[in-house]
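Read the structure below first, then the notes.
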């Protein structure tokens with residue numbers, strides 16, 4: 030079995046590394062004024078991927094933290110996936126040319142699914158779809174607008190399109206350490222053949238252990254933000270659990286499917 034990936038997150042607002050609570054921009058808390066230094070720190074801790082979101086760009090519909098993203102790309106050897114404000118094929122092409130490993134398409138996946146399919150054809154293996162949901166319904170425009178579209182319904186539209194991964198975020202848990210919504214995440218992973226990455230609420234080592242359970246076998250991994258920044262998760266321990274270097278027992282976690 031392929032080792033699950035733990036993606037440390039850098040969310041960018043005003044050029045700084047922040048975390049939000051429940052997707053509210055006014056809740057932003059600055060964790061590092063130097064995102065490039067934070068990216069290097071994550072690499073030094075042993076992480077092998079990096080998840081970056083341009084929060085300002087998600088609301089504006091175009092890049093707003095481009096300089097910070099470029100600095101991150103120069104500071105780390107790890108592959109980087111970026112979301113937030115990427116709405117056109119030109120946006121996709123320009124960012125991939127700068128060295129991104131993956132571009133995450135969110136709002137445009139709802140507004141213009143044909144663009145996502147075209148991007149997958151032009152840039153094989155480089156396109157992920159971000160599905161952010163509140164109350165089981167997909168949200169767009171930086172989580173500011175709700176739709177009537179269900180998570181599984183949207184994901185299944187991209188079956189066979191060549192999407193590299195689906196990043197599923199439960200907004201109601203994001204940034205508040207409520208624990209991953211494992212029931213919805215695993216249900217989504219079981220409903221599609223596209224690899225799924227869990228996001229929103231990862232709170233403790235229990236969530237890391239939960240990823241190693243048999244029913245989570247189809248997940249590619251999970252994203253962690255605040256729990257890493259606040260020290261609630263020890264990077265070395267988490268990565269060791271995912272590698273299988275630490276034997277885990279069911280008692281180490283509470284069943285997130287309940």
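Numbering (the working numbering), first residue to last: 30 to 287.
Backbone N, C-alpha and C fix where the C-beta goes; we use that ideal spot for every residue, glycine too.
Taking every protein chain shown into account, the CB of residue 59 has fewer than 16 other CB atoms within 10 angstroms, so this residue is exposed. By a beta-carbon distance limit of 8 Å, residue 80 does not contact residue 152. Their separation comes to about 18 Å. Across the structure, residue 254 and residue 96 are spaced so that their CA atoms are roughly 21 Å apart. Selection 272, 233, 270 and 248 evaluated against residue 262 yields 233 as nearest (Cα-Cα). DSSP, read as helix, strand or coil, puts residue 259 in coil. Contact between the region 222-238 and the region 164-181 is absent: fewer than 3 CB-CB pairs across the two stretches fall below 8 Å.
For residue 162, no alpha helix (DSSP H) run applies; the uninterrupted beta strand (DSSP E) run containing it begins and ends at 156-163, by DSSP.
Taking C-beta separations shorter than 7 Å and ignoring five residues to either side along the sequence, the partners of residue 245 in its chain run 215 and 239, following chain order. Sequence-distant partners of residue 46 (beyond 5 residues in either direction) whose C-beta falls short of 8 Å from its own C-beta, in its chain, are 39, 40, 59, 60, 61, 62, 63, 64 and 67.
Rounded to the nearest angstrom, the gap between the Cα atoms of residue 140 and residue 116 is 9 Å. Taken through DSSP and simplified to helix, strand or coil, residue 214 comes out as helix. Its chain contains 65, 68 and 69 as the residues whose beta carbon lies nearer than 6 Å to that of residue 104, once the 5 sequence neighbours on both sides are disregarded; these appear in chain order. Short of 7 Å from the beta carbon of residue 121, and not among the five residues preceding or following it, lie these beta carbons of its own chain, in chain order: 115, 132, 148 and 152. Taking a C-beta distance under 8 Å as the contact criterion, residue 118 and residue 134 do not qualify as a contact pair.
Taken in chain order, the unbroken stretches of beta strand (DSSP E) that lie wholly in the region 99-124 and span 3 residues or more are 109-112. The beta carbons of residue 247 and residue 270 sit no closer together than 8 Å. Distance from the CA of residue 189 to the CA of residue 183, rounded to the nearest whole angstrom, comes to 13 Å. Checking the DSSP bridge columns, you'll see residue 61 partnered with 46. Separation of residue 57 and residue 76 (C-alpha to C-alpha, rounded to the nearest whole angstrom) is 24 Å. Considering only 196, 137, 129 and 130, the residue with the shortest C-alpha distance to residue 161 is 196. The alpha-carbon separation between residue 227 and residue 42 amounts to approximately 22 Å. Bounds of the beta strand (DSSP E) holding residue 198 are 194-199.
Contact between residue 191 and residue 159 fails: their C-beta atoms lie close to 16 Å from each other, not under 8 Å.
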